[in-house]
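These notes concern the structure reproduced below.
2 protein chains.
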Amino acid sequence: MKEEFKSYFKKLLGEENAHFDTLHQRAYSYDATRNHYLPDGVLFPRNEEDISAILKYCNDRQIIIIPRGSGSGFTGGALAINGGLILSFEKHMNQILEIDLENLVAVVQPGVINIALQKEVAKYGLFYPPDPASMEYSSLGGNVSENAGGMRAAKYGITKDYVMALRAVLPNGDVIRAGKRTIKDVAGYNLAGILIASEGSLAVLSELTLKLIAMPKFKKTAFATFASVKDAMNAVYKSLASGVNPVSMEFLDNLSIRAVEEKFHKGLNVEAGAILICDVDGNVKESVEEDLRRLREYFLEAGALEFKIAQNETEVADIWFARRNCSQSIAMYGTLKLNEDITVPRSKLPELLEGIEQVSQKYGFKIPCFGHTGDGNVHTNVMVKDKDDKEQVKKGYEAVEEIFKLAVGLGGTLSGEHGIGISKAPFMNLAFSEAEMNLMRNIKKAFDSNNILNPFKMGL
Amino acid sequence: MKEEFKSYFKKLLGEENAHFDTLHQRAYSYDATRNHYLPDGVLFPRNEEDISAILKYCNDRQIIIIPRGSGSGFTGGALAINGGLILSFEKHMNQILEIDLENLVAVVQPGVINIALQKEVAKYGLFYPPDPASMEYSSLGGNVSENAGGMRAAKYGITKDYVMALRAVLPNGDVIRAGKRTIKDVAGYNLAGILIASEGSLAVLSELTLKLIAMPKFKKTAFATFASVKDAMNAVYKSLASGVNPVSMEFLDNLSIRAVEEKFHKGLNVEAGAILICDVDGNVKESVEEDLRRLREYFLEAGALEFKIAQNETEVADIWFARRNCSQSIAMYGTLKLNEDITVPRSKLPELLEGIEQVSQKYGFKIPCFGHTGDGNVHTNVMVKDKDDKEQVKKGYEAVEEIFKLAVGLGGTLSGEHGIGISKAPFMNLAFSEAEMNLMRNIKKAFDSNNILNPFKMGL
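Chains as they are written, first to last, in UniProt numbering: chain G, 1 to 460; chain P, 1 to 460.
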């Protein structure tokens with residue numbers, strides 16, 4: 001990076017907010033993919049005006065900018081794969097600006113951590129439903145940029161369903177507003193719609209207006225064991241098709257159950273083919289009870305071996321502990337975990353899991369699966385025993401590609417919540433036609449004609 | 001239109017599907033704005049391949065194409081304001097292709113009428129919530145293109161909340177798919193997001209995949225009268241802020257009440273400042289009762305003179321009849337009705353209605369208001385006594401402009417559900433900056449570089 005550029009940023013932001021030293025480069029070189037790419041520097045804008053000045057300057061000089069939330073992404077969206085400057089909102093732009101109790105809306109800066117908002121609004125009896133597994137450390141700006149999902153999507157939807165309005169800065173420095181603090185707004189193109197999930201490649205989000213809802217008054221947790229994954233998957237889609245509306249319907253397969261039990265001894269039945277965990281909620285007890293009654297009926301009909309309603313907070317905590325610790329527990333199956341977040345229409349879950357079993361047998365990898373079956377989202381983990389065995393690793397990726405093909409063939413998607421970034425970019429051609437890719441490139445150009453914003457991602 | 005072009009379309013589609021005669025031109029020259037513009041011809045594509053061939057041909061020759069649903073729009077989106085060919089889906093592409101009971105999804109062609117889908121899915125106990133006032137005759141393709149709202153938005157959201165996937169044809173003839181039959185899908189840009197509400201200016205929708213939900217089992221209707229509009233507006237936002245979640249919270253002001261009562265004698269209290277009508281629903285009786293109990297409490301607290309729960313179907317039908325017939329009843333106040341669908345954050349409703357009263361006094365027009373206050377959407381009607389009095393009409397439009405400014409100033413939008421089209425195009429600069437307009441023009445170009453698709457609309 002030219003000294004002239006460095007001086008500009010130091011003068012603009014202050015020495016303390018523009019860093020080009022190795023320590024900062026290293027600290028901002030990685031994300032949850034565990035890939036490393038050194039950026040040329042790290043900038044901490046203090047406000048929207050700073051973002052605008054930075055972008056205008058970089059756009060005129062074709063300097064690459066990579067907006068970064070908490071760097072907790074699984075697909076490399078926040079990595080400086082071709083150098084450039086990291087734009088971080090951690091230091092300054094991390095404030096909750098307003099909780100509007102009259103319209104049930106929160107206005108936040110992009111660097112606010114998801115859980116911080118959840119906790120703050122809970123003080124007022126309000127609820128921000130999107131709860132990605134990373135909610136303790138991922139930022140809301142990142143959540144919107146990746147359209148983060150979570151456990152509650154079956155009933156409450158995902159991040160995009162809670163974005164009412166955005167402020168954003170275009171690469172040329174122009175500030176735009178998209179959307180309103182209203183349920184209805186059909187004036188002009190749905191700019192917020194295209195910014196959501198754009199992985200920081202179209203504009204830099206500077207302010208988010210998010211929808212809140214009232215916190216439901218009653219909540220219960222139930223769980224059921226099944227002899228086989230197939231029975232469980234049938235239970236999922238048949239119960240949901242019958243109109244019962246649980247908050248979440250989460251799933252552990254036998255390999256996941258065994259791994260969690262071996263590590264944590266929570267008394268799970270290691271012979272079970274699968275466990276389903278369901279939260280239900282509502283504003284009257286009777287509606288929660290009715291949901292549980294119907295779930296029980298459908299699950300038993302689909303062959304559940306047992307259906308239990310958690311009787312106290314400990315039982316609730318234990319079963320959710322099991323689900324939340326799948327990801328780390330399965331490390332026992334290998335030193336390299338190729339984890340993907342494919343999603344299919346729910347009725348295709350039985351076929352999907354059957355197909356994954358076949359891939360497992362064909363390649364000889366254990367592939368533990370768990371995830372958000374209530375919305376068709378399954379986390380598949382191809383476990384490579386030895387991450388230094390190049391042949392094995394190569395085969396692992398072949399297995400992953402086969403799983404992608406399987407999901408897309410069933411009408412599903414490469415990614416339910418992680419995005420494309422660099423990790424899934426090579427597989428975009430499995431899911432999108434050349435016409436679709438061209439259109440996305442044209443849209444990218446419409447926002448970012450010099451291609452300075454998070455370029456070379458998403459296969460664009 | 002050149003004979004060569006006409007011959008091509010007749011050969012492609014068959015004589016019966018390509019019309020260039022005066023009768024067809026006239027029949028497709030208008031919409032609900034009552035403006036008239038003769039198109040050069042009317043084409044009835046039989047399928048997606050026809051659409052693709054038509055677009056490719058037109059794109060190469062820069063022939064304008066205007067996709068048209070039922071022509072029931074209020075802002076001129078379906079009008080051939082600069083000639084060109086109307087593309088109509090009424091004749092062939094009007095089929096419900098699939099009701100997927102396993103994933104609660106409907107797949108339809110763009111020409112299907114909204115109510116036809118509602119009726120069909122009701123047979124299976126399912127529910128398609130978006131219910132624009134035009135639902136008896138407006139098409140789902142039109143609904144998606146305008147992002148239609150309706151009475152149930154307070155609880156159930158609007159059309160965009162029910163679009164899972166789209167197939168569309170780009171101006172160059174390329175077919176694209178956007179979205180999936182899954183709740184989660186974050187691979188690539190949110191193309192469906194930008195196509196919704198794009199008023200037929202980016203691509204031609206060829207197939208819609210729409211989300212269905214289970215039909216709630218219980219439903220009740222309540223209505224309340226208030227001494228003043230202000231009391232009613234306070235009741236709206238305070239009750240909703242308290243977390244009660246009615247399907248709809250509809251509103252009639254005193255002028256609307258008087259008009260309906262004069263025409264239909266339904267026993268409304270013509271002295272009331274406002275009436276609110278609420279539907280509540282749920283899967284257990286207790287939740288419906290709880291909602292009614294809370295609504296009653298909040299409404300009385302806000303000064304309701306009376307709160308009634310409809311005791312039978314006749315009472316339900318009567319009160320909804322009153323709401324549904326506001327629009328035609330207010331014709332008694334003038335021969336020209338300048339009706340707009342501004343929307344503000346709900347807490348701004350009291351100020352909005354107060355501001356409209358001031359505009360009414362300043363300009364001397366009666367401005368009856370009614371609408372979907374549950375989502376902040378108010379239909380304002382500037383009533384011009386004599387539509388042939390040019391001076392009065394001019395003043396009427398000035399009053400409308402003032403109302404737009406008022407709404408935008410309160411953080412609201414020019415349009416909650418009608419779109420921009422040609423009617424509101426002159427006011428886009430009140431709501432959008434030059435940067436925002438430029439970005440929209442760039443997006444238009446990214447899809448439609450030759451500007452053949454519904455051009456010169458939305459102020460672009």
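Don't be surprised by glycine CBs; every beta carbon is placed ideally from N, CA and C. Owing to the predicted nature of the structure, the values given are computational and were not obtained by experimental measurement.
Alpha carbon of LYS230/P to alpha carbon of ARG293/P, nearest angstrom: 22 angstroms
Supposed close pair THR159/G, VAL144/G - CB separation, criterion 8 angstroms: Here THR159/G really is in contact with VAL144/G; their C-beta atoms are around 6 angstroms apart, less than 8 angstroms.
Span of the beta strand (DSSP E), counted from its first residue to its last, around ARG296/G: For ARG296/G, no beta strand (DSSP E) segment is defined; the enclosing uninterrupted segment is the alpha helix (DSSP H) at 285 to 301.
Chain G contact for LEU305/P (CB, 8 angstroms cutoff): no
Three-way DSSP call (helix, strand, coil) for VAL280/P in this model: strand
TYR162/P at chain G interface by Cβ criterion, 8 angstroms: no
Interface residues of chain P facing ILE176/G [CB-CB closer than 8 angstroms]: SER433, ALA435, GLU436, LEU439, listed in chain order.
C-alpha distance - ALA133/P paired with GLU261/G, whole-angstrom precision: Cα to Cα, the separation comes out at about 56 angstroms.
Cβ separation of ALA446/P and LYS445/G, assumed to be a contact under 8 angstroms, to the nearest whole Å: 7 angstroms
Listed by chain order, chain G residues near residue 475/P by CB distance under 9 angstroms: Because chain P here runs from 1 to 460, residue 475/P falls outside it and cannot be looked at.
Cβ distance (whole Å) where GLU146/P is taken to contact GLY188/P below 8 angstroms: Not really, about 25 angstroms apart at Cβ, beyond 8 angstroms.
Chain-order list of residues whose beta-carbon lies under 6 angstroms from that of GLU402/P (same chain, five-residue window excluded): Around GLU402/P: VAL359.
Of the listed residues LEU87/P, LYS56/P, ILE81/P, nearest to SER70/P (C-alpha basis): The alpha carbon of SER70/P has as its nearest neighbour, out of LEU87/P, LYS56/P, ILE81/P, the alpha carbon of LEU87/P.
Contacting positions in the segment 405 to 424 of chain G - beta carbon closer than 8 angstroms to chain P: GLY411, GLY412, THR413, LEU414, SER415, GLY416, GLU417, HIS418, GLY419, ILE420, LYS424
Under 8 angstroms by beta carbon: chain G residues contacting MET151/P: Residues of chain G passing the Cβ test: none, with the nearest at roughly 12 angstroms.
Minimum Cβ-Cβ distance from ALA197/P to chain G less than 8 angstroms: yes
Bounding residues of the beta strand (DSSP E) (the contiguous stretch that carries VAL384/P): Where VAL384/P is concerned, the enclosing beta strand (DSSP E) stretches over 377 to 384.
Minimum Cβ-Cβ distance from ASN451/P to chain G less than 8 angstroms: Contact of ASN451/P with chain G is not assigned, every C-beta pair being separated by 8 angstroms or more.
Touching by the beta-carbon criterion (3+ pairs, under 8 angstroms), the segment 48 to 59 of chain G and the segment 10 to 17 of chain G: Three or more pairs of CB atoms, one per stretch, sit closer than 8 angstroms, so the segment 48 to 59 of chain G contacts the segment 10 to 17 of chain G.
Test: TYR237/G CB closer than 8 angstroms to a CB of chain P: yes
Reduced DSSP secondary structure (H/G/I, E/B, other) of residue 464/G: With chain G running from 1 to 460 in the structure shown, residue 464/G is simply not present.
Neighbour list for PHE158/P in chain G, Cβ cutoff strictly below 9 angstroms: In the sequence on display, residue 158/P carries Ile and not Phe. In chain order: ILE183, LYS184, VAL186.
Residues from the segment 203 to 225 of chain G in contact with chain P, defined by Cβ distance under 7 angstroms: ALA214
Length at least 4, wholly inside the segment 57 to 106 of chain G: the alpha helix (DSSP H) runs in chain order: none
For ILE115/P, the nearest candidate out of ASN450/P, VAL186/P, GLN95/P (CA to CA): GLN95/P
For LYS366/P, the nearest candidate out of LEU353/P, GLY376/P, HIS379/P, MET383/P (CA to CA): MET383/P
Host alpha helix (DSSP H) of ASP372/P (start-end): The sequence shown places His at residue 372/P, not Asp. First-last for HIS372/P: 369 to 372, but that is the beta strand (DSSP E), not the alpha helix (DSSP H).
Test item: CB-CB of SER198/G and VAL284/P under 8 angstroms: For the pair SER198/G and VAL284/P, the CB atoms are not nearer than the 8 angstroms cut-off.
Selection of the segment 128 to 147 of chain P by Cβ proximity to chain G, strictly under 9 angstroms: GLU146, ASN147
Contained beta strand (DSSP E) runs [length at least 3] in the segment 14 to 44 of chain P, N- to C-terminal order: 41 to 43
Where the alpha helix (DSSP H) containing ASP341/G begins and where it ends: Where ASP341/G is concerned, there is no enclosing alpha helix (DSSP H), given that its DSSP letter is neither H nor E.
Identity of the residue in ASN429/P, MET458/P, ASP60/P, VAL270/P nearest HIS418/P by Cα: MET458/P
ILE113/P - partner residues in DSSP beta bridges: Under DSSP, ILE113/P forms a beta bridge with SER139/P.
LEU252/G - partner residues in DSSP beta bridges: Answer is ILE275/G, PHE370/G.
Cβ neighbour criterion (16 or more within 10 Å) applied to ASN312/P: exposed
Reference HIS372/G; option with closest CA among VAL163/G, ALA227/G, ILE194/G, TYR156/G: TYR156/G
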